[in-house]
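Going down the list, the protein sequences come from chains A and B. Remember, the numbering used here sits 27 above the position in the first sequence when you count from 1. Remember, the numbering used here sits 1349 above the position in the second sequence when you count from 1. Ideal Cβ positions, reconstructed from N, Cα and C, are used throughout, including at glycine.
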Amino acid sequence: MPQEATTAVALRGVRKVFGRRVAVEGLDLRVPSGTVFGLLGPNGAGKTTCIKMMLGLVRPTAGSVELLGLPSSDTKARARVGFLPEQFRFHEWLTAAEFLDLHGRLYGMSPKARRERIPDVLERVGLSQRAGSQLRTFSKGMLQRIGLAQAIMNDPKLLILDEPTSGLDPVGRREVRDLIVELRAQGVTVLLNSHILSDIERVCDLVAILDLGRLVWSGRPDDLGSDRIVVTGEVDQVSSAGLEAARKLAPDLDARDGRMTFTVADRDAVSQVVWALVTHGVRLYELRQQRRSLEDLFVNIVEGRDA
Amino acid sequence: MKWLVLAKFTFHEAIRKRIVLAAAVMTVLFLALYALGTHFAVRELETSPLIVPSVKPLLISQLLLTGIWLTSMAGSLLAIFSAAGTISGEVENSTLHAIAAKPVARWEIVVGKWLGLAGMAAAYTAIVATIVIGIVWLRAGFAGTSPLVAVLALAMQTIVLLSLTVLASAWLPSLATGIGVFLLHAIAMAGGVEEQLGFILKNQTMQDAGVWISIAVPSDAMEKLAAAALQATSGSTLPMPGPLSVLAPPSPWMVGYAGLYVVFCLLVAVLRFEGKDL
Chain A
28 MPQEATTAVA
38 LRGVRKVFGR
48 RVAVEGLDLR
58 VPSGTVFGLL
68 GPNGAGKTTC
78 IKMMLGLVRP
88 TAGSVELLGL
98 PSSDTKARAR
108 VGFLPEQFRF
118 HEWLTAAEFL
128 DLHGRLYGMS
138 PKARRERIPD
148 VLERVGLSQR
158 AGSQLRTFSK
168 GMLQRIGLAQ
178 AIMNDPKLLI
188 LDEPTSGLDP
198 VGRREVRDLI
208 VELRAQGVTV
218 LLNSHILSDI
228 ERVCDLVAIL
238 DLGRLVWSGR
248 PDDLGSDRIV
258 VTGEVDQVSS
268 AGLEAARKLA
278 PDLDARDGRM
288 TFTVADRDAV
298 SQVVWALVTH
308 GVRLYELRQQ
318 RRSLEDLFVN
328 IVEGRDA
Chain B
1350 MKWLVLAKFT
1360 FHEAIRKRIV
1370 LAAAVMTVLF
1380 LALYALGTHF
1390 AVRELETSPL
1400 IVPSVKPLLI
1410 SQLLLTGIWL
1420 TSMAGSLLAI
1430 FSAAGTISGE
1440 VENSTLHAIA
1450 AKPVARWEIV
1460 VGKWLGLAGM
1470 AAAYTAIVAT
1480 IVIGIVWLRA
1490 GFAGTSPLVA
1500 VLALAMQTIV
1510 LLSLTVLASA
1520 WLPSLATGIG
1530 VFLLHAIAMA
1540 GGVEEQLGFI
1550 LKNQTMQDAG
1560 VWISIAVPSD
1570 AMEKLAAAAL
1580 QATSGSTLPM
1590 PGPLSVLAPP
1600 SPWMVGYAGL
1610 YVVFCLLVAV
1620 LRFEGKDL
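Okay, here's the thing in structure tokens:
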């Protein structure tokens, strides 16, 4: 049974073993159509293996992978998929236009469609003036842009980007983010694998974090702040009794040199901790609530601190 | 028809590679020197009173066979080293990822690459062999018995080695592929020498060993077929002997066998690549 049309990518019980090493274990993942989906994880988490399995570059040891409702091994599934690989190497003797023409041919586009599409995608990645230049004359950032151009050459329904902002300057990174947002507005599903967490936070509707080949967290970036709140403050006259009472509510509370930090689950718990401190004589001068960032969550997961 | 797109692309890419550029420069140099050498050698043969007239065809034939042997070596090296990284090398440097992620079947990638490289290497060998034969024919009026067969046999030798290289490249890294296939070709050449010596010494074991080696790697057998089609005869069915003469030419069936060998190599390479994680 093909997955329903609202799902762009579906992985079910996917396992991948290379020799004795388990790269992905029992992974269930669903990327809804029309979303920007961020894939996060430390090095060796299995992200690139997942992406390769989606594209049929790597065969899963067990489980199934569907792409736009078709098995990933079916070449038809890839006709409406764009892909920018990590560390993309280019045929540098080609000009930008020749390079896009080759990839257009591999997508099965007609000569007319290619003629019309090439100037359009070059415009979108800001390389219109370099259509006739050989790729060997391009900077690293320009190569990344032309890589993006080949990925959107076929007007994809699903765009898979593996580290798309790698090698780009801040302006280039913003342009890529803008392009992703623009594509989402056109109904394109974007799967984004990036180490740049701020990029993920800014553009992704949904995020999945992998670690050691397993899915350890998934949800909306906005949800990150709702499950844990980090509080910092300035305090004085900290008593042991006050600390003991407060740590019953916030076990990670730390107070030294006039600074205090603790983490709680919700806003009510903040006032309870503060009340416990104040009633035991602790003086409180300043209090700040911080939404936990994606980076905090990511680092906690990687360091195994999340219970 | 994506395989045809990839074949055309690979052909264009191959003729832009440095190894091909280097081969082209060296080939022009080789052909110039060969033409010059042929000119002076033939002039000497025509004018020297020391050379017995009946030996002249043998010497001219040996001159041609020398050129053909060098052409065979150049074509073989070009085929092996231009294709050594065609699969494993492109997987290692990620060039293949963007292509294999397109709606292209794996077999189309292998066949397209093979066709592009085979076209380039076979064209190179055929052109150089034709020029070598042409030089001797223009200067000495000698082009063997079947120059067309010779050119086709040499082109087939290139295709055999190229197919073996593509097959090895589906398993081994680029360098190991290049060295491994070159050594296999060297073994095939040694087998060819052993077979010829076995013929002279009437030793069946040596001849059989040479035949089995030719079956395992039929590259040298194609060169022997080419040489047999170009060497001088002295009125009998046996060729006149010389260091590069072929006394026991391979059976014409070897061409058909080499064709099957190429198909087998390509088929196994496709099967291997179908199951390969990129």
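For residue i, three-class secondary structure by DSSP
i, result
"A:N181", "coil"
"A:G71", "coil"
"A:L149", "helix"
"B:L1579", "helix"
"B:Q1556", "helix"
"A:T88", "coil"
"A:E125", "helix"
"B:M1469", "helix"
"B:S1600", "coil"
"A:T306", "coil"
"A:Y312", "strand"
"A:L233", "strand"
"B:S1594", "coil"
"A:L57", "The identity of residue 57 of chain A in the sequence shown is Arg, whereas the question assumes Leu. Of the three classes helix, strand and coil, the one that applies to A:R57 here is strand, per DSSP."
"B:G1584", "For B:G1584, the predicted model reports a pLDDT of 43, less than 50, meaning its position is unreliable; a value from the coordinates is still stated below. If DSSP states are grouped into helix, strand and coil, B:G1584 belongs with coil."
"A:F117", "coil"
"A:V294", "Checking the sequence shown, residue 294 of chain A turns out to be Arg, not Val. It is helical."
"A:Q171", "helix"
"A:P98", "strand"
"A:F289", "strand"
heavy atom of the ligand ADP below 7 angstroms from residue i C-beta
i, result
"A:I223", "Absence of the ligand ADP is noted for the structure shown, with no ligands found whatsoever."
Exposure of residue i, with buried meaning 16 or more beta-carbon neighbours within 10 Å
i, result
"B:L1570", "Sequence check: residue 1570 of chain B is Ala here, not Leu. Its Cβ being crowded by 16 or more others within 10 Å, B:A1570 is buried."
"B:K1573", "buried"
"B:T1554", "exposed"
"B:V1377", "exposed"
"A:V198", "exposed"
"A:A212", "exposed"
"B:W1352", "buried"
"A:E209", "exposed"
"A:L154", "buried"
"A:W244", "buried"
"B:Q1506", "buried"
"B:V1369", "buried"
Straight-line gap, residue i to residue j (C-alpha atoms, nearest Å)
i, j, result
"A:R105", "B:P1452", "5 angstroms"
"A:E125", "A:E330", "46 angstroms"
"B:V1374", "A:V152", "40 angstroms"
"B:H1388", "B:N1552", "39 angstroms"
"A:A123", "B:P1522", "30 angstroms"
"B:Y1383", "B:V1481", "8 angstroms"
"B:M1350", "A:G135", "9 angstroms"
"A:D279", "A:R247", "25 angstroms"
"B:T1586", "B:F1613", "The predicted model places B:T1586 with a pLDDT of 44, which falls under 50 and marks its position as unreliable; any figure quoted below should be read in that light. Near 34 angstroms, if we compare the C-alpha coordinates of B:F1613 and B:T1586."
"A:D284", "A:N327", "24 angstroms"
"A:V217", "A:R48", "29 angstroms"
"B:G1584", "B:I1436", "Any reading at B:G1584 must be qualified, since the residue scores a pLDDT of 43, below 50, and its modelled position is unreliable; the value itself is stated next. Looking at the two C-alpha atoms, the distance is approximately 50 angstroms."
"B:T1415", "B:L1593", "7 angstroms"
"A:L111", "A:Q177", "8 angstroms"
"A:S160", "A:L133", "21 angstroms"
"A:V234", "A:L206", "19 angstroms"
"A:L82", "B:T1474", "39 angstroms"
"B:A1472", "B:Y1610", "20 angstroms"
"A:D189", "A:N220", "5 angstroms"
"B:P1406", "B:L1385", "19 angstroms"
Within chain C, the residues that residue i reaches when beta carbons sit closer than 8 angstroms
i, result
"B:D1626", "The structure shown contains no chain C; its protein chains are A and B."
Report yes or no: do three or more beta-carbon pairs, one from the stretch 1557-1574 of chain B and one from the stretch 1534-1544 of chain B, lie closer than 8 angstroms? yes
Contact list for the stretch 1355-1384 of chain B against chain A, Cβ threshold 7 angstroms: F1358, E1362 and R1365
Touch check for the stretch 255-274 of chain A and the stretch 76-94 of chain A: three-plus C-beta pairs under 8 angstroms? no
For the stretch 1445-1470 of chain B, which residues have a beta carbon sitting closer than 8 angstroms to at least one beta carbon of chain A? H1446, A1447, I1448, A1449, A1450, K1451, P1452, V1453 and A1454
Going along the chain, which residues of the stretch 302-314 of chain A sit with their C-beta nearer than 9 angstroms to a C-beta in chain B? none
Decide if the stretch 1353-1368 of chain B is in contact with the stretch 296-306 of chain A; the criterion is three or more beta carbon pairs, one per stretch, under 8 angstroms apart. no
Beta carbons nearer than 8 angstroms to chain A: which residues of the stretch 1413-1445 of chain B have them? N1442, S1443 and T1444
Three CB pairs or more closer than 8 angstroms across the stretch 307-324 of chain A and the stretch 1426-1438 of chain B: no
Give, in chain order, every residue of the stretch 158-186 of chain A whose Cβ lies closer than 9 angstroms to some Cβ of chain B. G174, Q177, A178 and N181
Output, in sequence order along the chain, the residues in the stretch 196-215 of chain A whose CB is closer than 9 angstroms to any CB in chain B. none
To be precise: take each residue of the stretch 103-120 of chain A, compare its Cβ to all Cβ atoms of chain B, and keep it if any distance is under 7 angstroms. Which residues remain? K103, R105, A106, F110, P112, Q114, F115, R116, H118 and W120
Against chain B, which members of the stretch 129-149 of chain A pass a CB distance test of less than 8 angstroms? L129, H130, R132, L133, Y134 and G135
Check distances from the C-beta atoms of the stretch 1524-1556 of chain B to those of chain A and list, in chain order, the residues that come in under 7 angstroms. none
Is the stretch 1614-1627 of chain B close to the stretch 1458-1471 of chain B, with three or more CB pairs under 8 angstroms? yes
Kindly confirm or deny that the stretch 1422-1429 of chain B and the stretch 1498-1514 of chain B touch, where touching means at least three C-beta pairs closer than 8 angstroms. yes
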